[in-house]
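As numbered in the working numbering, residues -4 to 355 make up the sequence shown, in order. In this text, a Cβ means the ideal position worked out from N, Cα and C, and glycines have one as well. See below for the structure under consideration.
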Amino acid sequence: MFDKLSAAEARYEEIAAKLYEPDVINNQELYRELMKEYKGLTALVEKYREYKKAKDSLEEAKMMLDEGGLDKDFKEMVEAELEESKETIEKCSEELKILLLPHDPNDERNVIIEIRGGAGGDEAALFAGSLFRMYSMYAEQRGWKTEVVNANETELGGYKEISFMINGEGAYSRLKFESGVHRVQRVPETETQGRIHTSTVTVAVLPEADDVEIEINPTDLQIDTFRSSGAGGQHINKTESAIRITHLPTGVVVECQDERSQYKNKDKAMKILKSKLYEAKQREQNSQIAADRKAQVGTGDRSERIRTYNYPQGRISDHRIGLTIYKLDQFLNGDIDEVIDALITADRAEKLAASMENKQ
């Protein structure tokens, strides 16, 4: 472990020096790559330096106690420093193990989220709208930007489906565990006898792909234009600004009709297409790794029921980690960090356990 930490610190210092070199400053692409690597190493190196400082303090305290000749008050102070250093070393050691776990290269990316109503008809569509509002409010709290790409609204104000982008540093790291089936239990407004109905909504979270990672042959694309449809807006049904792109080799279809400009819609649609192809590529590469793990929180299979929202009890239950909280109103207003933090902690614990098993 300490060989890796020393190597990481040496690389960190090497990058820090390079970032001031004129050749690097003038090469924006190289500068961005180095800055990204530098930021990725910062937490690890800072924690390693904290560990080394505590280790030095421990050795110094031991040496002073071994030499003897200390008065009572000073000896007590040195002994207290010794114990504090031991605690810091133990705490840093555990944190370093987590920081050394394989890093998800997608964590710092923007995300594309697709929400679709499942079983439950209008109720599912209304809840899809509630989830869109929840993620939008969460993004706003974190200073991220939300852009709707495509939406298929219902007359009651919900969504049969909605796709949107969330742009912000670390968006994927926080939202990747939201993929899967979200179940809602509540009494619909149209229910006259007060019976609780169960509906489902599927959520897919895709990391936004960089242009250099996914190359698409223009001959593999079928691009169609059509008139936007939906509630409100004078431009609706007037111009063929909406875009549908079909990737012929895979059959992946994406649509975008949120912008008035056909060019902007095409640009957004291409971003989603690249992200879908990137996700499929990643899923294929990771399938063997996932199969080798005995258990995982993962980023959620889209067919897996991951969470239940129970309105009568004000309860949210995440089935992957057995967590239940009674803060439904706050949660649906974007206050979702408690569950996200628990999912991240559980995922790290499983990865740490798996890494310890591999070493045995």
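For residue i, write down the residues that DSSP places opposite it in a beta bridge.
| i | result |
| --- | --- |
| residue 140 | 162 |
| residue 104 | Residue 104 pairs with nothing; no bridge assigned. |
| residue 312 | 303 and 319 |
| residue 172 | The partner list for residue 172 (beta bridge, DSSP) is empty, contrary to what the question assumes. |
| residue 3 | In the DSSP output, where bridge partners are listed per residue, residue 3 has none listed. |
| residue 198 | 110 and 175 |
| residue 342 | Answer is none; residue 342 lacks a bridge partner. |
| residue 192 | 181 |
Can you give the Cα-Cα distance for residue i and residue j, rounded to whole angstroms?
| i | j | result |
| --- | --- | --- |
| residue 344 | residue 160 | 30 Å |
| residue 270 | residue 172 | 17 Å |
| residue 1 | residue 85 | 18 Å |
| residue 177 | residue 196 | 5 Å |
| residue 337 | residue 347 | 15 Å |
| residue 107 | residue 209 | 16 Å |
| residue 215 | residue 199 | 24 Å |
| residue 306 | residue 99 | 35 Å |
| residue 149 | residue 8 | 56 Å |
| residue 125 | residue 47 | 49 Å |
| residue 147 | residue 109 | 12 Å |
| residue 55 | residue 102 | 40 Å |
| residue 213 | residue 277 | 22 Å |
| residue 249 | residue 204 | 15 Å |
| residue 122 | residue 12 | 52 Å |
| residue 131 | residue 238 | 24 Å |
| residue 83 | residue 57 | 15 Å |
| residue 193 | residue 119 | 9 Å |
| residue 303 | residue 240 | 34 Å |
| residue 64 | residue 72 | 14 Å |
| residue 30 | residue 37 | 10 Å |
| residue 321 | residue 334 | 12 Å |
| residue 154 | residue 20 | 47 Å |
Please list the terminal residues of the continuous beta strand (DSSP E) segment that includes residue i.
| i | result |
| --- | --- |
| residue 250 | 247 to 251 |
| residue 239 | 237 to 242 |
Which stretch, first to last residue, makes up the alpha helix (DSSP H) that contains residue i?
| i | result |
| --- | --- |
| residue 175 | It is not in any alpha helix (DSSP H) - residue 175 instead sits in the beta strand (DSSP E) that spans 175 to 181. |
| residue 220 | Residue 220 -> not in any alpha helix (DSSP H); beta strand (DSSP E) instead, spanning 216 to 221. |
| residue 35 | 23 to 62 |
| residue 94 | 67 to 94 |
| residue 17 | 17 to 20 |
### Message
Using 8 Å as the cut-off, can you tell me whether the segment 162 to 181 makes contact with the segment 74 to 88, which would need three or more C-beta pairs spanning the two stretches below that distance?
### Response
no
### Runs of alpha helix (DSSP H) lying entirely within the segment 111 to 157, each at least 4 residues, in chain order
117 to 136
### Query
Are at least three pairs of beta-carbons, each pair with one atom in the segment 244 to 254 and one in the segment 89 to 107, less than 8 Å apart?
no
### Query
Within the chosen definition, does the segment 125 to 140 reach the segment 325 to 335 through at least 3 CB pairs nearer than 8 Å?
yes
### Given 8 Å, three or more beta-carbon pairs between the segment 33 to 48 and the segment 0 to 17
yes
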